[in-house]
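K.L.:
In this note's numbering, the protein residues as written are 845 to 1022. One structure, as structure tokens, below. Some questions next.
Pasting the structure below:
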């Protein structure tokens, strides 16, 4: 789950940063900062979800059913997006349009607004996936324990980090126009 969502995040960020070269390379930093903040917010969301779960009671079948149903609803929405072109073209095009509008607005608006907009774009691109992962993992955490789930998360993050590093390193070498 972490690997799949991580790969989706890498894809979105790679598309967003592909045109940020040369004079536009300075726009990568606020986008990356927003993405980094989203990872931190996802970790905080994990602990909030645990606190809520513990307050209600971890052995509660109602809680397991609620988190399971919520995960199913999110999964259905995600699968709908995944299997329809609207998701891939729409979601990525939406982020591209937002990024382009923010960069073009840099000439007319203050630099601070532009940097904030790019940071917010990076944050929403990553936090959406992080929130989804937290929801899906709660039921597994209740069933198999936090240690088991966190080991899987660590393994998934390890592979995401390797693939992300390779993607962004190779992206820098690709001729953008081609």
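C-beta atoms are modelled at their ideal positions from N, C-alpha and C, and glycine is treated no differently. These numbers come from a predicted model, not from an experiment.
Got a sec? Which residues, its chain only, sit under 6 Å from residue 929 by beta carbon, not counting five neighbours each side?
P.N.:
Because the pLDDT at residue 929 is just 46, under 50, the model does not fix this residue reliably, and the value given afterwards should be weighed accordingly. Answer for residue 929: no residue qualifies.
K.L.:
Identify the continuous alpha helix (DSSP H) that holds residue 899 and give its terminal residues.
P.N.:
Segment 872–900, the alpha helix (DSSP H) holding residue 899.
K.L.:
Under DSSP, the alpha helix (DSSP H) around residue 848 begins and ends at which residues?
P.N.:
846–861 is the span of the alpha helix (DSSP H), which, as asked, contains residue 848.
K.L.:
Output yes or no for whether 8 Å exceeds the beta carbon distance between residue 845 and residue 970.
P.N.:
In this structure, residue 970 does not lie closer than 8 Å to residue 845 by Cβ.
K.L.:
Please classify residue 869: is it buried, with 16 or more other beta-carbons within 10 angstroms of its beta-carbon, or exposed?
P.N.:
Residue 869 should be labelled exposed.
K.L.:
Which residue's Cα is closest to the Cα of residue 860: 979, 991 and 964?
P.N.:
The option with the nearest alpha carbon to residue 860 is 964.
K.L.:
Whose CA, out of 973, 988, 1015 and 994, lies closest to the CA of residue 852?
P.N.:
Nearest C-alpha to residue 852: 973.
K.L.:
Is it right to say residue 1002 is buried, meaning 16 or more other beta carbons lie within 10 angstroms of its own, or is it exposed?
P.N.:
So residue 1002 ends up on the exposed side.
K.L.:
Enumerate in chain order the residues of its own chain whose CB-to-CB distance from residue 885 is below 6 Å, with the five nearest sequence positions on each side excluded.
P.N.:
Contacts found: 971.
K.L.:
For residue 865, which three-state DSSP category applies?
P.N.:
Correct three-state label for residue 865: coil.
K.L.:
Using only CA atoms, which one of 1000, 966, 850 and 991 lies nearest to residue 881?
P.N.:
Nearest option by C-alpha distance: 966.
K.L.:
In its own chain, which residues sit with a C-beta less than 7 Å from the C-beta of residue 1008, not counting the 5 before and 5 after it?
P.N.:
Taken in chain order, the residues that qualify are 854.
K.L.:
If contacts are defined as beta-carbon pairs under 8 Å, then residue 847 and residue 1000 qualify, I think. What distance do you get, rounded to the angstrom?
P.N.:
Correct: roughly 4 Å between the Cβ atoms.
K.L.:
Residue 871 and residue 877: beta carbons closer than 8 Å?
P.N.:
No, these two residues do not count as a Cβ contact at 8 Å.
K.L.:
What is the DSSP secondary structure of residue 996, counted as helix, strand or coil?
P.N.:
Here residue 996 sits in helix by DSSP.
K.L.:
Identify, in the order they occur along the chain, each residue of the same chain with its Cβ nearer than 6 Å to the Cβ of residue 942, setting aside the five sequence neighbours on each side.
P.N.:
Around residue 942: 965.
K.L.:
Looking at C-alpha atoms only, which residue of 914, 962 and 957 is the closest neighbour of residue 940?
P.N.:
Out of 914, 962 and 957, 962 has the C-alpha closest to the C-alpha of residue 940.
K.L.:
For a test of the three-state rule: what should DSSP assign to residue 961, helix, strand or coil?
P.N.:
Three-state result, residue 961: helix.
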